[in-house]
Amino acid sequence: MSNFAKIPAPAISVGAEPAAITNSEYLLRLVAAQDKLRSAELDFLLVYADREHFADLVHLTGVDPRFEEAIYVLSPDGLGNLLLGNENLKLWPAREIGIPVHLYQELSPLGQIRSSPLQLTDLLRTAGIETGSRVGVAGGKEFTAGFVQDPVHALSAPAYLVDALRQVVGLTGSVVNAEHIFKHPTSGLRTVSSAHQIAHFEYAAAVASHSVMTALGHLHPGIAANTLADTLFDHGIPLSCHTMVNFGDRQGLYSPSANVAQLGDAFAIAQGLRGGLTCRAGIIARGPEDLVGPAREGFPQLALNYFDVLIAWYEAATVGAATGDIFAAAESKRDRTVFEFALNPGHLLHLEEWSQSTFEQASPVRLQSGSMVQCDIIPVSTTPGLHVNVEDGVALADGALRAELANDYPELWDRVENRRRYLSDVIGVTLDESVLPMSTMPLWFTPYVMDAQLGMTK
């Protein structure tokens, strides 16, 4: 059973800089993608990217289109063809690794210069697509049977691109959804990360958690949410989701406002950087004596049961564990009279905050070595107005991957080992050896945020 206890805060452990993703790493990813498209019996893989659906393209080429769009056509041989707008035309490392780049100005924002008119159908043919071609499209999302009539042919890429593709391949060709190449829960290219990618993500996760921890230390009655948001930092790492700082009834996905914190308010602070997200939610108080009404008894009951569920999740996680078993472990500790799960209790993450999840009842899907996994258990309290949240990520690594990380990134490995020791020695939670905490404050939770010494333990 969980307890409230006076405990030390974890030591801050953030690397000096993110690990680099080298050109050779990108070339290996392209080869892996070509293997996947051959296995899927496709002639081409087309990756569409925009501000929201950027991760597949960034993974393969390092090119992030930001406020433009981008189209990448990859065949089983060669380096493919990349179509970019005006401002992305010279982005690296796509050119550096030899990918042919073509200007297609319609990918640029509306009203920008259109001095080189070209038909998209002609550019697709230049990339090799022709009548009868079988093209798989990765547009950021797959679709679920029961919600669309034909999930195989339902695409999340924009209509102008899909129309052009279908015009080029004709009635004898096919255009199908191929997002599974990247996001299949066990075999997707971005379901499993290399040691270098994990090291890159660890920096982001550590910065995000350090940032949230810093903001927690500045939270007090009278501070405005947008002022508190100024204490967060990102070290220049792109966000994976918008920043959330909220008090009182303003909870969930809101951005920071001028709302002022009051004693007894619920709070939530979340920051997501590409590779890691940390969230903490609790109550603005020194202890139960600051609470009135149902919150005085309801909040500690919620915090204690929620922490029991968290511990069960962490202790069940391991390489090879079925996500249904982890769900069952968490569910077995949940008091249904106290809270419900808002969403799946956990998901995979990558460059985006949520890439895939199979954390559901009876799921047979097993976690893979190299997966980045987010412990994301959002409780919906049966007592209105109460909120808690402790969200961080872990990497899963078998013996070979752990040895590679320890050898190539010894300082990272020291940070991971220190986090594991904090969990076992202070929190009382022993992780499986395959579970590597990415956050600099794993399971550190001060539910009464004005008492930074009062945490929670097993």
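To convert, note that position 362 of the sequence shown is 361 in numbering that gives the first Met the number 0; the numbers rise steadily by one, no gaps.
Glycine included, every Cβ here is placed at the ideal spot set by N, Cα and C.
| Query | Result |
| --- | --- |
| Determine the direct distance from the alpha carbon of TYR408 to that of SER193, and round the result to whole angstroms. | 12 angstroms |
| Whose C-alpha, out of LEU188, ALA260, GLU314, is nearest the C-alpha of HIS179? | LEU188 |
| Does the distance from the CB of GLY84 to the CB of SER132 come in under 8 angstroms? | no |
| Rounded to whole angstroms, what's the CA-CA distance from ALA223 to ILE283? Just pull it up for me. | 13 angstroms |
| Within 10 angstroms of the Cβ of GLN373, are there 16 or more other Cβ atoms? Answer buried if so, exposed if not. | buried |
| Which runs of the beta strand (DSSP E) spanning at least 3 residues fall entirely within the stretch 355-443, listed in chain order? | 371-374, 378-380, 388-395, 434-436 |
| Does the Cβ of LEU45 lie closer than 7 angstroms to at least one heavy atom of the ligand COA? | The ligand COA is not part of the structure shown, which contains no ligands of any sort. |
| Taking just the CA atoms, how far does GLN118 sit from TYR103? | 9 angstroms |
| Quick check on DSSP: helix, strand or coil for GLY323? | helix |
| Taking the alpha-carbon of TYR305 as reference, which of THR125, GLY263, ASN388 has the nearest alpha-carbon? | ASN388 |
| Taking the straight line between their C-alpha atoms, what separation do you get for ALA328 and ALA315? | 7 angstroms |
| Under three-state DSSP, which class holds GLN148? | coil |
| Rounded to the nearest angstrom, what separates ARG365 and THR226 at their Cα positions? | 43 angstroms |
| Under 8 angstroms, do LEU385 and ALA294 count as touching if we go by C-beta distance? | yes |
| Suppose you measure from the CA of GLN33 to the CA of LEU45; what does that come to, to the nearest Å? | 11 angstroms |
| Considering just the uninterrupted stretch of the beta strand (DSSP E) at ASN80, what are its terminal residues? | 80-83 |
| Express the C-alpha separation of LEU73 and GLY271 in angstroms, rounding to a whole number. | 30 angstroms |
| Hey, could you find the ends of the alpha helix (DSSP H) ILE310 is sitting in? | 294-315 |
| Can you grab the Cα-Cα spacing for the pair THR143 / THR60, in whole Å? | 28 angstroms |
| Residues in the same chain with beta-carbon distance under 6 angstroms from ALA203, minus the five sequence neighbours each way, listed in chain order, please. | ILE236, LEU272, ARG273, GLY274, GLY275 |
| Under a Cβ-count criterion, where at least 16 other Cβ atoms within 10 Å of its own Cβ denotes burial, should ARG454 be classed as buried or exposed? | At residue 454 the sequence reads Gly, which differs from the Arg that was named. Looking at its Cβ environment, which holds 16 or more other Cβ atoms inside 10 Å, GLY454 is buried. |
| Which stretch, first to last residue, makes up the alpha helix (DSSP H) that contains TYR202? | 194-216 |
| For PHE232 and GLN250, what's the separation of their Cα atoms in angstroms? | 21 angstroms |
| Are the Cβ atoms of GLY319 and GLN360 separated by less than 8 angstroms? | no |
| Is it buried or exposed for ILE112, if we count other Cβ within 10 angstroms and need 16 for buried? | exposed |
| Pull up the distance between the alpha-carbon of ARG94 and that of LEU56, whole angstroms please. | 14 angstroms |
| How should GLN355 be labelled, buried or exposed, when 16 other C-beta atoms within 10 angstroms of its C-beta is the threshold for buried? | buried |
| For the alpha helix (DSSP H) containing GLN33, name the first residue and the last one. | 22-38 |
| Locate the alpha helix (DSSP H) running through ALA158, then write down its first and last residues. | 158-168 |
| Can you list, in chain order, the stretches of the beta strand (DSSP E) that have 3 or more residues and sit fully within the stretch 265-294? | 265-272, 275-282 |
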